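Q: The structure follows.
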Amino acid sequence: MFRLSSVPLDPGALQRELVEPRAGGCVSFEGRVRSRNEGREVRGLEYEAYGELAEKEGARILAEAREKFAIRSARCVHRVGRLQIGEIAVWAGVTAEHRAAAFDACRYIIDELKKRVPIWKKEHYASGATEWIQPPAAGQNHPGPGRKA
Amino acid sequence: MFRLSSVPLDPGALQRELVEPRAGGCVSFEGRVRSRNEGREVRGLEYEAYGELAEKEGARILAEAREKFAIRSARCVHRVGRLQIGEIAVWAGVTAEHRAAAFDACRYIIDELKKRVPIWKKEHYASGATEWIQPPAAGQNHPGPGRKA
Amino acid sequence: MKMPRSQSKPAAGAGGATPKRVQVRYFAQLREQAGCAEEQVRTAAATPAGLYEELRGRHRFTLPAGRLQVAVNDDFAQWDTPLADGVSVVFIPPFAGG
Amino acid sequence: MKMPRSQSKPAAGAGGATPKRVQVRYFAQLREQAGCAEEQVRTAAATPAGLYEELRGRHRFTLPAGRLQVAVNDDFAQWDTPLADGVSVVFIPPFAGG
């Protein structure tokens, strides 16, 4: 299940919802608002989603993960609205009988989410400036998939 | 930091301890006691650790993870004693500025833990039987690293 | 890709480019540049590509279509999909969520 | 690797195999088979390998040394490390924690 949330996420509660007796391993990813990005001091963020399409595309990604990997369940929640430093922006969790599948699927979900789900991020800087963050242009020499946490 | 715990683990609290303003991504792994293993119905588990060596080797693994991957912090806790179905047996969490390193390091830690840290697991079955679980013998044809969650 | 401006006004029957109403929603920098989150547009554009060029002229959007994706009726679509009357269209600027 | 049983008893001065005291701890199935978690052993064994064979005979351990690892003074050690007086030794049966 994929959803957007305008209220703070509770990773403990999200994870407990995934647990069931036959799932041995659970891998989760939490993305938090960082205090610095590309050398600029960040005060807070604003996430704006194209809700209808984000939810459709998010659901497609979770369905793909269930198809590609031997997992038991997967879910992902993304915040929208204003967020403070340290708040959780995105959470993804996967359970599986065996941990390798859980790691692979969780990573797949978050990687695809960033590429495919229309959610925009506006950074608010200590200077007062703001900026809609764009992904690095294709072909530009950037450090690869680990670039943005 | 690696440690053994004889009391139930609280993943929410463990994860909160890792959070700091510059860590954008946190990947965690939770291994829970499954109700079935290799077709047998499991009632509970008992973990026994060679504490002195387990803590040394666990600390070495975390140090290796910090050296190999661009992470900010890593910790891992393993339960000892009697556990019920669904209880968390092992928890590992890693924070990093970028998520790829967090995924790689978390997986490294849990894979190495299973290979190198002397902690024994005794399964208690519904039938009343018990068994010390052994890893698959080297060279035996088993489904690879994802075999045990 | 750019449609002549004259065709962007309702011009019934002109070469099959019958005018239609489409609902356009804007997000992020496009919303800020348009000054609104949503508008109903009467257009003779045959495709989302034509519609974007028309609206880009009107709202002075800074992003070229090549940096965007487009959704029609809340699903990803091709830029050269025929534009039907009554559809909703969203031009999706580059995103970097999460 | 197997030491003659006669050398497993203290036999001071026999070919330099002076008897020593080592503290042996047992875990998991070795603990159950030994019937104790710890014992002090007087041995003339020159290496952990020799000591294990001696104790395997005494406690009827089912696992061959090839399935085990060994720790001396709480760190992994080689089976052919010389065994010093006063060390602690742990024979580590196969584990599958987590």
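Residue numbers (numbering that gives the first Met the number 0), protein chains in the order written: chain A, 0 to 148; chain B, 0 to 148; chain C, 0 to 97; chain D, 0 to 97. Using N, Cα and C, we set each Cβ at its ideal position, and we do this for glycine too. Here the structure is a predicted model, which means the values were calculated and not measured.
How far does the alpha helix (DSSP H) with B:I108 in it extend, from its first residue to its last?
A: Along the second sequence, read from residue 1 onward, the residue named residue 108 of chain B stands at position 109. Where B:I108 is concerned, the enclosing alpha helix (DSSP H) stretches over 98 to 115.
Q: Can you confirm whether B:E29, when its beta carbon is compared against all beta carbons of chain A, has any partner nearer than 8 Å?
A: Locating residue 29 of chain B in the second sequence gives position 30, where the first residue counts as 1. Output row for B:E29: interface = yes.
Q: Touch check for the stretch 14 to 29 of chain B and the stretch 104 to 116 of chain B: three-plus C-beta pairs under 8 Å?
A: Yes: the two stretches touch, three or more of their Cβ pairs being nearer than 8 Å.
Q: Mind listing which residues of the stretch 103 to 114 of chain A have their C-beta closer than 8 Å to chain C's C-betas, in chain order?
A: Under the 8 Å Cβ criterion, the stretch 103 to 114 of chain A contributes I109, L112, K113.
Q: My output table needs one value for A:I70: the three-state DSSP class, helix, strand or coil.
A: Counted from its first residue, the first sequence places residue 70 of chain A at position 71. A:I70: coil per DSSP, three-state reduction.
Q: Which residues of the stretch 23 to 43 of chain D have a Cβ closer than 7 Å to any Cβ of chain B? Give them in chain order.
A: If the cut-off is 7 Å between Cβ atoms, the stretch 23 to 43 of chain D has F26, A27, Q28 near chain B.
Q: Can you grab the Cα-Cα spacing for the pair A:A53 / C:S87, in whole Å?
A: Locating residue 53 of chain A in the first sequence gives position 54, where the first residue counts as 1. Locating residue 87 of chain C in the third sequence gives position 88, where the first residue counts as 1. C-alpha separation (whole angstroms): 16 Å.
Q: Are the beta-carbon atoms belonging to D:F26 and B:W119 less than 8 Å from one another?
A: Translated into the one-based positions of the fourth sequence, residue 26 of chain D becomes position 27. Translated into the one-based positions of the second sequence, residue 119 of chain B becomes position 120. Yes. Within cutoff.
Q: Would you say D:A70 faces chain B, with C-beta separation under 8 Å as the test?
A: Locating residue 70 of chain D in the fourth sequence gives position 71, where the first residue counts as 1. Yes - at least one Cβ of chain B is within 8 Å of the one on D:A70.
Q: Going by alpha carbons, who is nearest to D:E37 out of D:T61, D:A76, D:R24?
A: For the purposes of this step, residue 37 of chain D is taken as the residue at position 38 of the fourth sequence. It is D:R24.
Q: Can you tell which of A:E19, A:E45, A:P10 has the C-alpha that lies nearest to the C-alpha of A:A128?
A: Here the question's residue 128 of chain A lines up with position 129 in the first sequence. The candidate whose alpha carbon is nearest that of A:A128 is A:E45.
Q: Taking the Cβ atom as the reference point for each residue, do A:E86 and A:P7 lie within a distance shorter than 8 Å?
A: Here residue 86 of chain A is taken as the residue at index 87 of the first sequence, counted from 1. Here residue 7 of chain A is taken as the residue at index 8 of the first sequence, counted from 1. Their beta carbons are under 8 Å apart, which means A:E86 touches A:P7 by this criterion.
Q: Is A:L84 close to chain B? Criterion is C-beta to C-beta, closer than 8 Å.
A: The sequence position of residue 84 of chain A within the first sequence is 85, counting from 1. It is Ile, not Leu, that sits at residue 84 of chain A in the sequence shown. Closer than 8 Å: yes.
Q: Identify the continuous beta strand (DSSP E) that holds C:Q24 and give its terminal residues.
A: Translated into the one-based positions of the third sequence, residue 24 of chain C becomes position 25. For clarity, residue 24 of chain C is Arg in the given sequence; the question names Gln instead. Looking at the DSSP string, the run of the beta strand (DSSP E) that includes C:R24 is 19 to 24.
Q: If I follow the unbroken alpha helix (DSSP H) through B:E11, where does it start and stop?
A: Counted from its first residue, the second sequence places residue 11 of chain B at position 12. Here residue 11 of chain B is Gly; the residue named in the question, Glu, does not match the sequence. Counting along the chain, the alpha helix (DSSP H) containing B:G11 begins and ends at 10 to 17.
Q: Take A:C75 as the anchor and find which of A:I60, A:L82, A:K67 has the nearest alpha-carbon.
A: Locating residue 75 of chain A in the first sequence gives position 76, where the first residue counts as 1. When each option's Cα is compared against that of A:C75, the closest is A:I60.
Q: Determine the chain B residues that contact A:G80 at a beta-carbon separation under 9 Å, and present them in chain order.
A: Here residue 80 of chain A is taken as the residue at index 81 of the first sequence, counted from 1. Within chain B, no residue comes near A:G80; the closest Cβ sits about 19 Å away, beyond 9 Å.
Q: May I ask you to report which of helix, strand or coil DSSP gives A:R35?
A: Residue numbering aside, residue 35 of chain A sits at position 36 when the first sequence is read from its first letter. If DSSP states are grouped into helix, strand and coil, A:R35 belongs with the strands.
Q: In angstroms, rounded to a whole number, what distance separates the CA positions of B:A48 and B:E56?
A: For the purposes of this step, residue 48 of chain B is taken as the residue at position 49 of the second sequence. For the purposes of this step, residue 56 of chain B is taken as the residue at position 57 of the second sequence. One C-alpha to the other measures close to 12 Å.
Q: From B:F102 to A:A101, what distance separates their C-alpha atoms?
A: In the second sequence, counting from the first residue as 1, residue 102 of chain B sits at position 103. In the first sequence, counting from the first residue as 1, residue 101 of chain A sits at position 102. Taking the straight line from one Cα to the other gives about 11 Å.
Q: Taking the Cβ atom as the reference point for each residue, do D:D79 and D:T46 lie within a distance shorter than 8 Å?
A: Within the fourth sequence, the letter at position 80 stands for residue 79 of chain D. Within the fourth sequence, the letter at position 47 stands for residue 46 of chain D. It is a contact, given that the beta carbons lie within the stated cut-off.
Q: Below 8 Å CB to CB, which residues in the same chain sit around A:N140 once its five sequence neighbours on both sides are set aside?
A: Taking the first sequence and counting its residues from 1, the one referred to as residue 140 of chain A is at position 141. Residue confidence is low: A:N140 scores 41 on pLDDT, short of 50, so the model does not pin down where it sits. Its coordinate-derived value is still stated next. If we look at A:N140 and ignore the five residues flanking it on each side, it has no Cβ neighbours.
Q: If we count the other Cβ atoms within 10 Å of its Cβ and call it buried at 16 or more, is A:Q14 buried or exposed?
A: Indexing the first sequence from 1 puts residue 14 of chain A at position 15. Buried: at least 16 other Cβ atoms inside 10 Å.
Q: In chain order, what residues of the same chain have a beta carbon less than 7 Å from the beta carbon of C:L29, not counting five sequence neighbours either side?
A: In the third sequence, counting from the first residue as 1, residue 29 of chain C sits at position 30. Within the same chain, C:L29 has close Cβ partners F60, F90, P92.
Q: Taking C-beta pairs closer than 7 Å, name the residues in chain C that A:V89 reaches, listed in chain order.
A: Translated into positions along the first sequence, residue 89 of chain A becomes position 90. Going along chain C in sequence order, the residues near A:V89 (Cβ under 7 Å) are G97.
Q: Using the rule of at least 16 other Cβ atoms within 10 Å of the residue's Cβ for burial, across every protein chain shown, is B:K113 buried or exposed?
A: Reading the second sequence from its first residue, position 114 is the one you call residue 113 of chain B. Classification of B:K113: buried, given that the 10 Å Cβ count is 16 or more.
Q: Run through the DSSP bridge pairs and tell me what B:E40 is partnered with.
A: Taking the second sequence and counting its residues from 1, one reaches residue 40 of chain B at position 41. B:E40 is bridged to B:R35.
Q: Does any residue of chain B have a CB that is nearer than 8 Å to the CB of D:F90?
A: The sequence position of residue 90 of chain D within the fourth sequence is 91, counting from 1. No, because no Cβ of chain B sits closer than 8 Å to the Cβ of D:F90.
Q: If we define contact as Cβ-Cβ less than 8 Å, is A:P154 a contact residue for chain C?
A: Summary: the structure shown does not reach residue 154 of chain A, with chain A confined to residues 0 through 148, and so no result is reported for it.
Q: How about B:T129: is its Cβ closer than 7 Å to a heavy atom in the ligand SAH?
A: This structure simply doesn't include the ligand SAH, nor any ligand for that matter.
Q: Against chain D, which members of the stretch 43 to 56 of chain B pass a CB distance test of less than 7 Å?
A: Those residues of the stretch 43 to 56 of chain B that come within reach of chain D (Cβ to Cβ, closer than 7 Å) are Y46, E47, Y49, E51, L52, K55.
Q: Could you give the distance in angstroms between the alpha-carbon of D:Q68 and the alpha-carbon of A:A22?
A: Working through the fourth sequence from its first residue, we reach residue 68 of chain D at position 69. Working through the first sequence from its first residue, we reach residue 22 of chain A at position 23. Their backbone Cα atoms lie some 31 Å apart in a straight line.
Q: Can you check whether the CB of A:V41 is closer than 8 Å to the CB of A:E122?
A: Stepping through the first sequence from its first residue, residue 122 of chain A is reached at position 123. Stepping through the first sequence from its first residue, residue 41 of chain A is reached at position 42. For A:E122 and A:V41, yes; Cβs fall inside 8 Å.
Q: Measuring straight from C-alpha to C-alpha, what distance separates D:G12 and D:K19?
A: The residue labelled residue 12 of chain D in the question sits at position 13 within the fourth sequence. The residue labelled residue 19 of chain D in the question sits at position 20 within the fourth sequence. Since pLDDT at D:G12 reaches only 40, below the 50 mark, its modelled position is unreliable, and no value is offered.
Q: Applying the 10 Å Cβ sphere with the 16-neighbour rule, what's the burial state of C:T17?
A: On the third sequence, residue 17 of chain C is found 18 positions in, with the first residue counted as 1. The residue in question, C:T17, is exposed, as its Cβ has fewer than 16 Cβ neighbours within 10 Å.
Q: Thinking just about the alpha-carbon of each residue, which of C:E31, C:Q39, C:G96 is nearest to the one in C:L62?
A: Along the third sequence, read from residue 1 onward, the residue named residue 62 of chain C stands at position 63. The shortest Cα separation from C:L62 among C:E31, C:Q39, C:G96 belongs to C:E31.
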